[in-house]
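First up is the structure itself, then whatever we jot down about it.
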Amino acid sequence: MAKKKQLGYEESLHKLEEILNRVEHEEVPIDQLTELVNESMELLKNCKSKLKGAETKVEEAFNDLED
């Protein structure tokens with residue numbers, strides 16, 4: 001099975017906004033809503049991971065300046 005391409009932060013955020021807009025403005029069947037919630041959770045995890053990675057890199061950069 002092929003591995004899914006890891007989305008960037010901006011791509012994930014954009015997909016989350018699209019899902020939110022769809023849920024807010026369309027009638028989404030409950031089965032599809034469950035799928036959208038699951039997809040949203042994965043996108044949120046990805047965003048959190050990207051932000052944590054960026055935070056770590058910034059902290060490392062500042063720590064290098066102090067040395």
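Quick note: the sequence shown uses this note's numbering, first residue 1, plus one each step.
By construction, the Cβ of each residue, glycine as well, lies at the ideal position given by its N, Cα and C atoms.
Beta-carbon gap between residue i and residue j smaller than 9 Å
{"i": "N63", "j": "Y9", "result": "no"}
{"i": "L44", "j": "R22", "result": "no"}
{"i": "L16", "j": "S40", "result": "yes"}
Extent of the continuous alpha helix (DSSP H) to which residue i belongs
{"i": "D31", "result": "I30 to E66"}
{"i": "E17", "result": "Y9 to H25"}
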